[in-house]
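Heads up, the sequence shown is in UniProt numbering, so the first residue is 1 and it goes up one at a time. From the three backbone atoms N, C-alpha and C, an ideal C-beta is built for every residue, glycine too. Single-structure report; data block below.
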Amino acid sequence: ELNESLPLPFMLDNNKGRIIRYEQVNKIKKSIKKFKPEEIFHLSNDRIADEVHGVRILDSLKWLIEARNEAMTDWKTVLHRNVRPIRLWYLDTDDETEIAAFKLKTDTATSKFENIYIPKGTVETEIATVAPNQTLNPLQWIDKLNDYFFQAVNVPQIIIGNAKEFTDASGKIVYLSYEQSVKAEQLYVEEQVLGQLNLWIQLTFPASLQSDTVTDQPSMELEEEPQEQATQPKDTKAELQGKK
Numbered sequence: 001e002l003n004e005s006l007p008l009p010f011m012l013d014n015n016k017g018r019i020i021r022y023e024q025v026n027k028i029k030k031s032i033k034k035f036k037p038e039e040i041f042h043l044s045n046d047r048i049a050d051e052v053h054g055v056r057i058l059d060s061l062k063w064l065i066e067a068r069n070e071a072m073t074d075w076k077t078v079l080h081r082n083v084r085p086i087r088l089w090y091l092d093t094d095d096e097t098e099i100a101a102f103k104l105k106t107d108t109a110t111s112k113f114e115n116i117y118i119p120k121g122t123v124e125t126e127i128a129t130v131a132p133n134q135t136l137n138p139l140q141w142i143d144k145l146n147d148y149f150f151q152a153v154n155v156p157q158i159i160i161g162n163a164k165e166f167t168d169a170s171g172k173i174v175y176l177s178y179e180q181s182v183k184a185e186q187l188y189v190e191e192q193v194l195g196q197l198n199l200w201i202q203l204t205f206p207a208s209l210q211s212d213t214v215t216d217q218p219s220m221e222l223e224e225e226p227q228e229q230a231t232q233p234k235d236t237k238a239e240l241q242g243k244k
């Protein structure tokens, strides 16, 4: 059995793409523990062609996560500058000692949100601002990155409780499409457990909406025409013309 305190084993394959063994490195004892292929339960994620290791989902998510964090950090700075804007100070001196003293005084006062008292005509100041129409709103970009993230992990946002821009009908369609992908992964796990461990298991989906959908298959039952009821008593009797 694997020791949970040790890092996960990595596999070694030959030039034919066949797994020959697994190795687990103990970072404390600097030793290597080897395992045979049949001693490790192996699952591959999104394997392409004859790959044996599959593709990590983190590789496709790294750029999205970094771009989203970068946009949110930049937008946080922009909002912070609306409360504490950058000021340009024009000092009537070029003495470095006086400039350093003034800088220390103003930085200390502004960090504590205190008033600053300056002799008239000695200093001029203005706020460094950017016109609103010269900056782009990053909120749409952040929302797009969020959508791309959930598309990459193949998990709809409605699964985690975010139902924005979803109607009841569209939410069911999204959930049904997600259900198909999950069942495909469950089938893959069931096949691997049977093939590698010789165990038959059956995984169940938490909640299915397939019973709520309308089937497109034609019904094999014949529909009978409805029979009209008689509106008058004579309508149920056959009358013959002529003498009685």
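Here R21 really is in contact with K34; their C-beta atoms are around 5 Å apart, less than 8 Å. When rounded, the separation of the alpha-carbon atoms in E70 and T77 is 11 Å. If the five residues before and after K36 are omitted, its C-beta is found closer than 7 Å to the C-beta atoms of R21, all from its own chain and listed in chain order.
Under the 8 Å Cβ criterion, the segment 148–155 counts as touching the segment 60–70, having at least three qualifying pairs.
Your pair F205 and K183 checks out as a contact, with CB atoms roughly 6 Å apart and the cut at 8 Å. The C-beta distance from E191 to L203 rounds to 11 Å, too long to meet the 8 Å contact threshold. Judged by their CB atoms, I32 and N45 are not nearer to each other than the 8 Å cut-off. Between T129 and P156, the C-beta spacing is not below 8 Å. Within its own chain, the residues whose Cβ lies closer than 6 Å to the Cβ of P138, once the five positions on either side in sequence are excluded, are A71 and W75, listed in chain order. Going by C-alpha positions, H80 is about 19 Å away from T106. DSSP, reduced to helix, strand and coil, places W200 outside both helices and strands of the structure shown, so it counts as coil. Using a Cβ distance threshold of 8 Å, W89 and V123 count as a contacting pair.
Per DSSP, the beta bridge partners of K33 are Q24. Measuring C-alpha to C-alpha distances from S177 to each of Y188, I159, L194 and V193 identifies I159 as the nearest. With 16 or more other Cβ atoms from the protein chains shown falling within 10 Å of its own Cβ, L145 counts as buried. For V123, the uninterrupted beta strand (DSSP E) segment begins and ends at V123 to I127. A check of alpha carbon separations from T125 across S208, I19 and L91 identifies L91 as the nearest. The beta carbon of I201 lies closer than 7 Å to those of E190 and V193 in the same chain, with the five residues before and after it left out. Comparing alpha-carbon positions, the option among F41, R18 and K27 lying closest to L199 turns out to be F41. For I99 against T93, the beta-carbon gap comes to about 7 Å, under 8 Å, which counts as contact. At the C-beta level, R68 and I116 stay beyond 8 Å of one another.
Annotated three-state conformation of I19 is strand, per DSSP.
Beta-bridge analysis with DSSP links L88 to E126.
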